[in-house]
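Novice: Chains as they are written, first to last, in the numbering used here: chain A, 979 to 1229; chain B, 1291 to 1617.
Here's a structure for you.
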Amino acid sequence: MGNVILDVRNIHKQFGALKASDGISLDLRQGEIHALIGPNGAGKSTLIAQIAGRLKPDSGCVHFLDQDISLKSTAQRANLGLGRTFQVSALAMENTVLENVVLGALGKRGKVFSFFKSVMHDKNLLSQARATLERVQLIDDSNRITAELSHGQRRQLEVAVALTLAPKAFLMDEPMAGMGAEGSKKLTKLLRQLKQDAPILLVEHDMDAVFALADRISVLVYGKIIATGSVDEIRSNPDVRKAYLGDEEAT
Amino acid sequence: MINERVLNTLIALLLLVVPLFAWQLDEPFIITLATKAAILALAGVGLNLALGYGGLVSFGHATFFGLGGYTMGILASHAQSFTPIMESPFLIDGTKSMPIIWLVAIVISAFVAFIIGLLSLRTTGVYFIMVTLAFGQMLYYFSISWPAYGGEDGLSIYVRNEFPGLNTLDPIQFFGICYVLLMVVIFFMSKLNSSSFGLALNSARQNSERVQTVGISPFRLQLVAFTISGAVTGLAGALFADLNRFISPTMFSWHTSGEIMVFIILGGAARLYGPVAGAAIFILLEHVLGGLSEFWHIFLGAILLLVVLFAKGGLIGSVSKKAASHG
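And the structure:
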């Protein structure tokens, strides 16, 4: 096992009486895909939000590259190398595909406050942006308006934008959601390549994808991680079967 | 459908040709109308950066329009009465020089916009609208209750301010000044819109989380946009005061904020020439409908309603396709 890149330590987050995160500890190591699964309402989104920076934990902390990032903003975390994709695509829909990726490259480079040079003529940014579009196979769609893309293509674009940041870790919130079989397969292949770049914390509902991809799986139920282990360990864990997989196995 | 660039050029030419014809035909009133349209367009171009490109619905841009106006009024009134504005700790005299007045108006408006932005950009949606409105109203009531510069009655400046080499009292020459300033600012805005700042600001309007996720703080983008936006509207205020040779608290009132917003809605938000088209239509309607009935605002309201319901991109949006914004 590689070095620990992302380390979530004993996080608590409560909304009223609901304990959305009830002492969650979790780590992500170099070179792996660590999948996080759990039934609806288990607190996956809350956990992701705390790792990405949209929510602050009530107690506990998040370490990223040996640095406590619990109090840093989303933008600061991104600058440190946390690349994230969203469950519901968060893209600038009126802009072209290329503009969305150039924005990513711009975020990575910095120097946003330049007022006179045309950003879409910046050779460095463009070549970085085009390289990532090649990688996710969207290069032929560069000049299309993002709103015109299919659902699956938007997912690919999300990954492309995250890639422009050359992140040290990926945080992916249900990248397969709403994708057809064909699209899922394509994305599965892409994610397998991506883990060479940086480890991936993958929140996913699609069990086929999780079992095909994950090196380790953690199961979150009612704000607690009830098991962490390899694909086989999780498949055969009786608690997990009862809490979550039971229904899936039966069908 | 017309190409947006062609349409923009047409609008810019029209705004130039009409007063030139009027000048040939010796119709100074029409030149004055065109000047008013150019100045109000400039105020709209300022607001468009915040509202159109930045998605910040400011209902307080009269603050900057008024600040520009009062900057001109205060500097010029001291110059015409030969009394210094202050003597200690250092001497500040009034001035009749337009470039100095513009510069002061821009700096003061930018500074106030920065402060207002710093406080109001922590809120969004209807709260943002209310906070900006509140600042505008604060200055409105302050200007009413400040007798030194006319209070409620406003303040007249008897002679228009000076610009080196020009006779500013000649309508066509004053129009020329306003037109050139408008074009310079529009050129600056077009550069800004295709720059990296423009791309980030536009993306932040569409999806704030997207921008944060690539490591850019939307707050800073919006603060800079709001500051530049206020500065431009402040410059317009200084010109407007010079056009009328008169300032009054009305410049600060929320009607003024609303009118500047109307230019953008009529012409097309986030369109380079949207406010220019909007301000020109507004002046035209005011003149034509205002001649028919004192209650011309009813017709304006109806037109506005139609635009909002059926032509969301305003005039420019409905007759031209969206040009690649960062081409």
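Glycine included, every Cβ here is placed at the ideal spot set by N, Cα and C.
Going by C-alpha distance, which of B:K1602, B:L1533 and B:I1518 is nearest F1319 of chain B?
Specialist: Of the listed residues, the one whose Cα sits closest to F1319 of chain B is B:L1533.
Novice: Using 8 Å as the cut-off, can you tell me whether the segment 1153-1163 of chain A makes contact with the segment 1089-1097 of chain A, which would need three or more C-beta pairs spanning the two stretches below that distance?
Specialist: No: the two stretches stay apart, fewer than three of their Cβ pairs being nearer than 8 Å.
Novice: Consult DSSP for E1010 of chain A and reduce its assignment to one of helix, strand or coil.
Specialist: Three-state result, E1010 of chain A: coil.
Novice: What did DSSP end up calling K1220 of chain A once you bin it into helix, strand or coil?
Specialist: In the structure shown, K1220 of chain A sits in a helix (DSSP, three-state: H, G or I).
Novice: For M1420 of chain B, count neighbouring Cβ atoms within 10 angstroms of its own Cβ and tell me buried if that reaches 16, exposed if not.
Specialist: The residue is exposed, with fewer than 16 neighbouring Cβ atoms inside 10 Å.
Novice: Using a Cβ cut-off of 7 Å, pull out every chain B residue sitting near S948 of chain A, in sequence order please.
Specialist: Outside the modelled stretch of chain A, which goes from 979 to 1229, sits residue 948 of chain A, for which no answer is possible.
Novice: Compare the beta carbon distance of G1407 of chain B and L1332 of chain B with 8 Å and say whether it is the shorter of the two.
Specialist: Contact flag unset, no.
Novice: Roughly how many angstroms lie between the CA atoms of M1291 of chain B and V1609 of chain B, to the nearest whole one?
Specialist: Approximately 5 Å, taken between the alpha carbons.
Novice: Using a Cβ cut-off of 8 Å, which residues of the segment 1483-1505 of chain B contact any Cβ in chain A, in chain order?
Specialist: Against chain A - using a Cβ distance shorter than 8 Å - the residues of the segment 1483-1505 of chain B are S1484, S1485, S1486, F1487, G1488, L1489, A1490, N1492, S1493, Q1496, N1497, E1499, R1500, V1501, Q1502, T1503, V1504 and G1505.
Novice: Please state the DSSP three-state secondary structure of F1372 of chain B.
Specialist: It is coil, neither helix nor strand.
Novice: Over what stretch of residues does the alpha helix (DSSP H) that includes I1195 of chain A continue unbroken?
Specialist: Element bounds for I1195 of chain A: not the alpha helix (DSSP H) but the beta strand (DSSP E), R1194 to V1199.
Novice: Since P1072 of chain A meets chain B, which of its residues come closer than 7 Å, beta carbon to beta carbon?
Specialist: First, the residue type needs correcting, since residue 1072 of chain A is Glu and not Pro in the sequence shown. Per Cβ cutoff of 7 Å: Q1496.
Novice: What is the DSSP secondary structure of G1466 of chain B, reduced to helix, strand or coil?
Specialist: Note: G1466 of chain B maps to helix in three-state DSSP.
Novice: Between L1127 of chain A and D1118 of chain A, which are expected to be in contact by the criterion C-beta below 8 Å, what is the C-beta distance as a whole number of angstroms?
Specialist: With 8 Å as the limit, L1127 of chain A and D1118 of chain A do not qualify as a contact, their Cβ atoms being about 12 Å apart.
Novice: With a CB to CB cut of under 7 Å and the five nearest residues on each side skipped, what residues in its chain are close to H990 of chain A?
Specialist: Taken in chain order, the residues that qualify are S999, D1000, G1001, P1035, D1036, S1037 and G1038.
Novice: Which stretch, first to last residue, makes up the alpha helix (DSSP H) that contains S944 of chain A?
Specialist: In the structure as shown, chain A starts at 979 and stops at 1229, and residue 944 of chain A therefore has no counterpart that could be examined.
Novice: Contact criterion: CB-CB distance below 8 Å. Does T1166 of chain A meet it with respect to chain B?
Specialist: Answer no: the Cβ-Cβ gap between T1166 of chain A and chain B never drops below 8 Å.
Novice: Distance check for W1544 of chain B and T1618 of chain B, CA to CA, integer angstroms please.
Specialist: The displayed coordinates of chain B run from 1291 to 1617. Any statement about residue 1618 of chain B would go beyond what the structure contains.
Novice: With DSSP as the reference, identify every bridge partner of I1123 of chain A, one or two as the case may be.
Specialist: A:T1074.
Novice: Residue range of the beta strand (DSSP E) that N1057 of chain A falls in?
Specialist: Segment T1052 to L1058 is the alpha helix (DSSP H) holding N1057 of chain A; no beta strand (DSSP E) there.
Novice: Can you pull the DSSP bridge partners for R1108 of chain A?
Specialist: The partner list for R1108 of chain A (beta bridge, DSSP) is empty, contrary to what the question assumes.
Novice: Based on Cα-Cα distance, which residue from A:N981, A:L1025 and A:G994 lies nearest to L1201 of chain A?
Specialist: For the record, residue 1201 of chain A in the displayed sequence is Gly; it is not Leu. It is A:L1025 whose Cα lies nearest to the Cα of G1201 of chain A.
Novice: Could you check the C-alpha separation between S1493 of chain B and G1520 of chain B for me, to the nearest Å?
Specialist: Approximately 21 Å between the Cα atoms of the pair.
Novice: So who's on the other strand from S999 of chain A, going by DSSP bridges?
Specialist: Note: S999 of chain A sits in a beta bridge opposite A:K991.
Novice: What span of residues does the beta strand (DSSP E) with M1388 of chain B cover, start to end?
Specialist: Looking at the DSSP string, M1388 of chain B is not in any beta strand (DSSP E); the run it does join, the alpha helix (DSSP H), is M1388 to S1410.
Novice: Would you tell me roughly how many angstroms separate the C-alpha atoms of R1055 of chain A and A1030 of chain A, rounded to the nearest one?
Specialist: Between R1055 of chain A and A1030 of chain A, the C-alpha separation is close to 7 Å.
Novice: With distances taken Cα to Cα, identify the nearest neighbour of R1007 of chain A among A:L1198, A:I983, A:A1138 and A:G1088.
Specialist: Of the candidates A:L1198, A:I983, A:A1138 and A:G1088, the one whose C-alpha sits nearest the C-alpha of R1007 of chain A is A:I983.
Novice: Could you check whether the segment 1064-1078 of chain A touches the segment 1124-1144 of chain A, counting it as contact only if at least three pairs of C-beta atoms, one from each stretch, sit closer than 8 Å?
Specialist: Yes: the two stretches touch, three or more of their Cβ pairs being nearer than 8 Å.
Novice: Could you give the distance in angstroms between the alpha-carbon of L1169 of chain A and the alpha-carbon of A1221 of chain A?
Specialist: Approximately 27 Å between the Cα atoms of the pair.
Novice: Identify the continuous beta strand (DSSP E) that holds I1203 of chain A and give its terminal residues.
Specialist: Its beta strand (DSSP E) spans residues K1202 to G1207.
Novice: Would you please verify whether the beta carbon of S1023 of chain A is less than 8 Å from any beta carbon of chain B?
Specialist: Closer than 8 Å: no.
Novice: Output needed for A1176 of chain A: all residues of its chain with C-beta closer than 6 Å, excluding positions within five of it in sequence on either side, in chain order.
Specialist: Excluding sequence neighbours, A1176 of chain A sits near P1145, K1146, A1147 and F1148.
Novice: Looking only at C-alpha atoms, which of B:F1453, B:T1523, B:I1398 and B:V1416 sits nearest to T1385 of chain B?
Specialist: Ranking B:F1453, B:T1523, B:I1398 and B:V1416 by Cα distance to T1385 of chain B puts B:F1453 first.
Novice: Could you compute how far the alpha carbon of I1398 of chain B sits from the alpha carbon of F1487 of chain B?
Specialist: Going by the C-alpha atoms only, they are around 23 Å apart.
Novice: Using the beta-carbon count (16 or more within 10 Å), is H1099 of chain A buried or exposed?
Specialist: Under this definition H1099 of chain A is an exposed residue.
Novice: Could you pull out every residue in the same chain whose Cβ sits closer than 6 Å to the Cβ of F1404 of chain B, ignoring the five residues on either side in sequence?
Specialist: Closer than 6 Å at Cβ, skipping near neighbours: T1517.
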